[in-house]
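Single-structure report; data block below.
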Amino acid sequence: MRRVQEYARGVALAPPAAAGPATDTGTTIAFWPDPDIFDTVECSFAVLAGRVREVALLNRGLTLSLTDERPAGGTRSVSFRYPDGAGDFVALLDAETERVLPEVIAFEWEDERMAGIAEVALSWRSAREERVRSFANSAPTPEGGTHVDGFRTGVAAALTEHALRHGLLKPDGPGLGADRVGEGLTAVVSVRLDRPEHHGPTGARLGGATVRDGVEQGVREHLGSWLDRHPERAAAVIGRITRDTDPDPDER
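Per the numbering used here, the sequence shown starts with residue 4, numbered consecutively.
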């Protein structure tokens, strides 16, 4: 059964009403900005399409479509679906750069302590700058937060532990801290939480010590397992990090 409900300024105008049989599953939302709330009611199709694609990338296997019925010459529409979720996200971010690894490392797990699910994808490029995109319940967290802190600590711990076990680092030397492993790193860190704790008026930063601990442990375990299963690729990543971050012997 297909049902329709109309809202104005976030308030339902009437209960859901039956509108005939359904031919498919899903939700369709038709909207128009309220001029009494927004400075402009002119929506950018490109901006909306970018956000719809982002949400599709953060929700593996979900199909999202956007249709603009405003053009006089006919509607325009785009549709997105990404079977590998965050892994596809990192692949798109690195589409035009040279990568150290031939594939993207991606994993997802549930953690009862933080009452949610975390999804992480990462890879290393030949470039030096770090690119980490973070999200909570599919909303961007441009100022990072505890999920990003846990991610960075977990990556550094997993790489350092693997390097020490396989003789890729000297036991008495410096470990692979978060500042070192971040060079050339591209990553997407996404958490879906029952009770997200946002900081700041716009929710740009995620809080919660349990989130940090859950993401750190999960990344440490899953990335550590991947490194153990792919020792040659692990050595390539660690070698790239140590070559690019160790001081020149002539400068010591």
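Glycine is no exception: its CB is placed at the ideal position from the N, C-alpha and C atoms. Bear in mind that the values here come from a model prediction, so they are computed numbers and not experimental data.
Inset, instruction - Could you check which residue in Leu16, Ala166, Thr189 has the C-alpha nearest to that of Ala130? - result: When each option's Cα is compared against that of Ala130, the closest is Thr189.
Inset, instruction - Could you tell me the distance, in whole angstroms, from the CA atom of Glu200 to the CA atom of Ser228? - result: Their Cα atoms are separated by approximately 30 Å.
Inset, instruction - Could you please give me the residues that DSSP links to Val257 through a beta bridge? - result: Not covered by the structure: residue 257. The range shown for the chain is 4 to 255.
Inset, instruction - Could you tell me the distance, in whole angstroms, from the CA atom of Gly296 to the CA atom of Ala21? - result: In the structure displayed, the chain extends from 4 to 255; residue 296 sits before or after that span and is not available.
Legend entry - Leu171 versus His165: straight-line alpha-carbon distance, rounded: Going from the Cα of Leu171 to the Cα of His165 covers about 8 Å.
Legend entry - Same chain only: Cβ atoms within 8 Å of Pro252, ignoring 5 sequence neighbours per side: Because the pLDDT at Pro252 is just 45, under 50, the model does not fix this residue reliably, and the point stays unresolved.
Legend entry - DSSP state of Gly148 mapped onto helix, strand, coil: Gly148 falls in the strand class under three-state DSSP.
Legend entry - Where the alpha helix (DSSP H) through Ala94 begins and ends: If you look at Ala94, you'll find it in the alpha helix (DSSP H) that goes 89 to 96.
Legend entry - Exposure label - Thr100; buried when at least 16 CB within 10 Å: Per the 10 Å Cβ criterion, exposed.
Inset, instruction - Compute the distance between the beta-carbons of Asp152 and Arg73, then report whether it is under 7 Å. - result: Remark: C-beta atoms of Asp152 and Arg73 do not approach each other more closely than 7 Å.
Legend entry - Whole-angstrom distance between Glu57 and Asp39, CA atom to CA atom: One C-alpha to the other measures close to 28 Å.
Inset, instruction - For the beta strand (DSSP E) holding Asp71, just list the boundary residues, first then last. - result: Residues 67 to 71.
Inset, instruction - Starting from the C-beta of Gly217, find all residues in its chain whose C-beta is less than 6 Å away, skip the five residues before and the five after it, and write them out in chain order. - result: Same-chain partners within the cutoff: Asp114, Arg116, Met117.
Inset, instruction - Check whether the Cβ of Leu61 lies closer than 6 Å to any heavy atom of the ligand HEM, and answer yes or no. - result: Annotation note on the ligand HEM: not contained in the displayed structure, which lists no ligands.
Legend entry - Simplified DSSP assignment, three categories, for Arg84: Arg84 falls in the coil class under three-state DSSP.
Inset, instruction - Helix, strand or coil for Ser137, going by three-state DSSP, please let me know. - result: Strand, per DSSP.
Legend entry - For Arg131, the three-state DSSP class (helix, strand or coil): DSSP places Arg131 in coil when its eight states are reduced to three.
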